[in-house]
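**Q** In the numbering used here, each residue's number is its place in the first sequence (first place is 1) plus 52.
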Amino acid sequence: MTTPPTDNPLADLPPSYRPAKEEPAILERWLAGDAYQAQASDAGDPYAICIPPPNVTAPLHLGHALNNTLQDILTRHARMSGKNAVWLPGTDHAGIATQTVVEKRVLAEEGKRRTDFERDAFVGKIQAWKDEYEATITDQLKQMGCSCDWDRQAFTMDNARAKAVREAFFQLFKDGLIYRGKRLVNWDPVTQTALADDEVESKDVDGNFYYLNYPVCDAEGHPTGDHVTVATTRPETMLGDTAVAVNPKDEPRAKYIGQYVKLPICDRVIPILGDDYVVIPDPDSDDSKARMASGFLKVTPAHDTNDYEIGQRHDLTIINVMAPDASISIDHGWPPEEKSGENPTLAPFIGLTREAARKAIVRWFKEQDLLAEVKPYRHAVGHSYRSHAAIEPYYSDQWYLKVTDDKLAGAALRALDASQREASDHPALSPGSAGESAASDSNTTGLTFTPPRYAKTFQTWHENIRDWCISRQLWWGHRIPVWTGIGSEHEEQIDLWEAEGKVAKLKQSFSAGAQSWDGETDSSGNLIRLMICVASDQPSIEQWLENNGFQQDPDVLDTWFSSALWPMSTLGWPERTPELDLWNPTSVLCTAREIITLWVSRMVMFNLYFLGRLPFRDVFIHAMIQDGHGQKMSKSLGNGVDPMDIIHSHGADAMRFTLASMTTQTQDVRMPVDMVDPHSGETFTPKFITASGGVKVAAPTQERNGKSMVSSYGLASGEVKPSDDQPLARNTSEKFELGQRFATKLWNATRFALSNLAEAEPDAVVSSLSLADKWILSKTVRAIEHADKTLKAYDFHNYAGGLYEFVWNEVCDWYIESVKPVIKTPEGAKSRQVLATVLDVSLRLLHPVMPFVTERLWSGLNAVCPQRGVLGLDPDECDELVGGNWPAADRALIDLEAEEVFPRVQHVVGMIREVRAGAKVPPREVVDFSLHMEDAEAERVRPNLHLVEALTNTKMVAVGPDIPKPEGAAVVTGPAGIGYLHVQIDTAEEAERLNKRKAELEKSLKTLDGRLSNEKYTSKAPSHLVQQTRDQRAAAAAELDEVEKQLAEL
RNA sequence: GGGUGAUUAGCUCAGUUGGCUAGAGCGACUCGUUUACACCGAGUAGGUCACAGGUUCGAGUCCUGUAUCACCCACCA
């Protein structure tokens, strides 16, 4: 036992906790001390988490704060538990999102468009943006206390990650899983790029069904005088119609099959064909389509995915009628034979936007008396998740990854743990399929979602997966490492390199044909297109290719391609690093549900494909942070609150604790926000438009002339920090006070303990403990077990809640209050040791969620009482809690007797307090108290009556089986006996109180009697429950007797 | 159109395999500054667990249906 410091140990532990003052110094110490660093060694079981890399588009918001708090809790817990734990930080270049943000800024500040710059120059601007926000994000994470290994910070587009992307692409290309395809993509006409299916959001919009009459004609175009009526929501696409379809089973209309119509405006003669896809009209149908349908479907293969498929079935011409900006154009796939002749009817429509063209075409049909009808119709339309523009199905050349291959989607499906997999007839899961033999391979199976329901999202997505369009017409991203040339004269040299593994080749022969429209194939005969994928580190080959007429593909990869490699690339893949073998598979992926398909599933596919093992086995899907209107908090909606706001106002620990305690398995978390106008400083609540499809934000920035907003962080810290079109909102929720109060409580409990521990030495040899000591040690062991159990189950709400309950109620309200009378005395030495130990354990248990305040208090505890622990609970010593061990307790400390007796004391205390409060006895007045109870019970409770005295400010004057009731005393009834509080009471109030208790007991008795008189209950219910009911009934009856007796005596 | 989740005190939410006399925090009310803490302590009030059926000795919990809200998926005739 060291000598306590002579100076006042509390001098540097001020009366209240000021997180803003304490946290920065602690953070600096951790960072300087390399507290988060991990080495790829065999020191402890490996534990690794990859951060879901935040986009570098904007600062983090509370959704990220939640996500990262949970990861930090897990990482710190693992580290304290002796694991070799690493948390790998990094950011995502977020291709389209970042480019869009920068394009907007450049347009606003310089009045220039992207195309006004050279590619490299513009990428440089995006790079600068990335540098700025990466720094901001990193700083935010550090201040939140995230214990990432900062030496390993990665970026999805840095050199190491670029190498991984390059290698992955090359391997997939070589294996024949990457191909060039010409088909309909989801085209965003604003950003002018293709989008993956997942990047398309559907929204309900109010539109119309237009019924257009097409004149029927013969094969030569001579009108028969008849007409058919097609129904469409998109009249403007009629310019690209190449057929009209009818369901062959549609009796009255099937007769038109084989005839032709003359397409208005274009005068194109197109066939009427039969296809099952067409819905047969039925005005009484439940299906709205059947109610709206005319039976004739216009077929526009270039502008509708269904029509495209019909076109494939019937070998129809594909006529694209739009330019990439979705204006009507005859230059992007219009049939040459129609183009050659001037068409004065068509001319006025050329160049119109699709919206204008729709109106113009409808007007034209009306003028020609060909518009049969217009009906309003509400339907879903795909929109770009980035620009929010309506998606145009667009026929173009793109790169695809064949994720439908069994080695990708099939392997991912088989990876799902059998306990979470639903019965399926998917070929990958059928008995005897390729992967069935691997079913027992622990490397490739056992993927488990928490909560389990999300496994279904994963499974369904993989079962219905389509090939992944991986090319994007952007500048910000990983350039596709493929060089293309026409002709075959260089094939020999390329084959040589291919044999050496330096390049891979894709050969496509094609002919100039009617279906092409992009001008590439205007010569006659078959052509050879060579697409050469070059492996990484082959600059001379790239140079050679360019010297010989090959051109690198201008497109970049979908941002999720590099994200999908994250658990590998952050650990050094494609190099076979020690880190890779140690920490991949990682331990858990902790993310929100929105990216299960975009990200989780692709990591699973890639890790399985390239390394033959899962990237992680556990996937924890946590709640979403929403604003006060139930909308998810996101950058694009502008309702994101900067975590720095909360850190400044409440402290990082308070934020973390509150977020963790709100993380339940089902509920999303609502955090009301206000917006702050940076110019006026006014606070306003964002407006919302309620549509039947959901609540949508009227984006505040757009309403304010596109002027930038600032976060309240900027305002709070006195510096205005514009965040462009990604404004941050201000938190108005009081929820964070929960964590703040708790940190303060812990702080003050520690101050109390330290002040006492400093004055007298604890007794390191702990034996013959008091009831309170035994009870709190027992509860401490249970708290440790509860924390372990809940963290293992990713049950953060109960982890935080359990510790809150333990520290506040059990330690502070009961234990500390119980030992106060003795804590300063020589007899209190044992309690001092117990208190120090309990505090030690509390700080350790709380450290993962509240690292700062626990670290701060830890140094105080070390200074005052360096030797802590009792037999069975003897934690290690350490200077810094960040490097401390997780407590382990001997279950022998669980004291069932103490756990039974102490609650009796608590009950008596509760009853006395109730009476005192009811009788308005001044709290400072010590009153006499006597307790009438049976001998056996009295003997049990008697040694602990001083606790009752201390906790109720009473003096125990008599205990035993024959204690008479003093005249006028208040009566306290309870399971331990009957107590008499020696105060003069108001008879009426006493009667009221007793009558109330009587009513409660009678009600309870009625319930219990009802249960016991039910023979089916007594015979069928488990015997211990029946016994419990009997005991309850007996106790209630006895107390009721007593209450009635006391009432009678009043 | 399909799927998932939610509906419990004024508010925000817990409630594990059915055993509940339904809990917590905030807010409300009463009392209290005895040297850890007023960001505190003691106490009180407040709920036919969305609705309607069903299973069961027993339903907040399981089943069926209805209503409302949110989210995800789906090829926009």
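Just so it is clear, CB atoms sit at the ideal spot from N, CA and C, and this is done for glycine as well.
1. Answer with buried or exposed for Gly-462, where buried requires no fewer than 16 other C-beta atoms within 10 angstroms of its C-beta.
2. Once the 5 residues before and after Gly-853 are set aside, which same chain residues still bring their CB inside 7 Å of it?
3. Can you tell me whether Ala-180 is buried or exposed, with buried defined as 16 or more other CB within 10 angstroms of its CB?
4. Out of Trp-799, Asp-679, Tyr-846 and Gly-601, which one is the CA nearest neighbour of Ser-639?
5. Write down every uninterrupted run of the beta strand (DSSP E) in the segment 598-684 whose length is 3 residues or greater and which is fully enclosed by it, in chain order.
6. Using the beta-carbon count (16 or more within 10 Å), is Asn-211 buried or exposed?
7. Starting from the C-beta of Gly-537, find all residues in its chain whose C-beta is less than 8 Å away, skip the five residues before and the five after it, and write them out in chain order.
8. Considering only the beta carbon of each residue, do Arg-438 and Asp-256 sit closer than 8 Å?
9. Assuming Asn-358 is part of the alpha helix (DSSP H), what are its boundary residues?
10. Please report the Cβ distance between Leu-368 and Ala-475, rounded to the nearest whole angstrom; I am assuming they are in contact, meaning their Cβ atoms lie under 8 Å.
11. What separation, rounded to the nearest whole angstrom, lies between the Cα atoms of Ser-381 and Met-374?
12. What distance in whole Å lies between the Cβ atoms of Val-313 and Pro-353, which are believed to be in contact at a cut-off of 8 Å?
13. Quick check: what's the CA-CA separation for Ala-971 versus Glu-1041?
14. To the nearest angstrom, how far is the alpha carbon of Tyr-69 from that of Gly-791?
15. Quick check on the burial criterion: 16 or more other C-beta atoms within 10 angstroms. Buried or exposed for Val-772?
16. Within the segment 415-462, note down every full beta strand (DSSP E) run reaching 3 residues or more, in order along the chain.
17. Return the Cβ separation of Leu-122 and His-674 in integer angstroms, given the expectation that the two are a contact with Cβ distance under 8 Å.
18. For Pro-323 and Asp-356, what's the separation of their Cα atoms in angstroms?
19. Measure the CB-CB distance between Asn-495 and Leu-634 and report whether it falls below 8 Å.
20. CB-CB under 8 Å to Leu-999, same chain, minus the five flanking residues each way: which ones, in chain order?
21. Within a Cβ cutoff of 8 Å, which residues of the same chain sit near Gly-571, ignoring the five residues on either side of it in sequence?
22. Between Leu-843, Ile-413, Lys-427 and Leu-983, which has its C-alpha nearest Pro-316's C-alpha?
23. When the distance is taken between beta carbons, is Arg-131 closer than 8 Å to Tyr-447?
24. If distances are taken between C-alpha atoms only, which option among Gln-311, Ile-699 and Glu-631 comes closest to Gln-192?
25. To test your reading of the DSSP string, which unbroken beta strand (DSSP E) runs of 3 or more residues are found completely within the segment 132-178?
26. Are Val-534 and Met-657 closer than 8 Å when you measure CB to CB?
27. Answer yes or no: do Leu-1033 and Val-967 have a C-beta to C-beta separation smaller than 8 Å?
28. In the structure shown, what three-state DSSP assignment does Arg-722 receive?
29. With a threshold of 6 Å on Cβ separation, who are the neighbours of Cys-198 within its own chain once the five nearest residues in sequence on each side are excluded?
30. Under three-state DSSP, which class holds Ser-381?
31. With the cut-off set at 8 Å, would you say Arg-305 and Phe-348 are in Cβ contact?
32. Note down the Cα distance separating Cys-269 from Trp-451, rounded to an integer number of angstroms.
33. Let's test the definition: count the other Cβ atoms within 10 Å of the Cβ of Ser-482 and tell me whether it reaches 16, buried, or not, exposed.
34. Grab the span of the beta strand (DSSP E) containing Tyr-262 for me, first residue to last.
35. May I ask which residues mark the beginning and end of the alpha helix (DSSP H) holding Pro-1051?
36. Taking the beta strand (DSSP E) that Trp-535 falls in, what are its first and last residues?
**A** Looking at the atomic coordinates:
1. buried
2. Ser-713
3. exposed
4. Tyr-846
5. 638-644, 668-674 and 677-679
6. exposed
7. Arg-581, Leu-582, Ile-584, Leu-597, Asn-600, Gly-601, Phe-602 and Gln-603
8. no
9. 357-366
10. Contact flag wrong, Cβ pair sits at about 39 Å.
11. 5 Å
12. The Cβ separation is near 16 Å, so there is no contact.
13. 8 Å
14. 12 Å
15. With a pLDDT of only 28 at Val-772, under 50, the local geometry of the prediction cannot be trusted, and no value is derived from it.
16. 423-436 and 444-453
17. 6 Å
18. 18 Å
19. no
20. Leu-823, Ala-824, Ser-870, Val-957 and Val-961
21. Reliability of the predicted coordinates at Gly-571 is poor, the pLDDT of 36 falling under 50, and the value obtained from them is presented with this limitation in mind. Hits under 8 Å: none found.
22. Ile-413
23. no
24. Ile-699
25. 136-140
26. no
27. yes
28. strand
29. Asn-120 and Asp-124
30. coil
31. yes
32. 41 Å
33. exposed
34. 252-269
35. First, the residue type needs correcting, since residue 1051 is Ala and not Pro in the sequence shown. Residues 1039-1065.
36. 534-538
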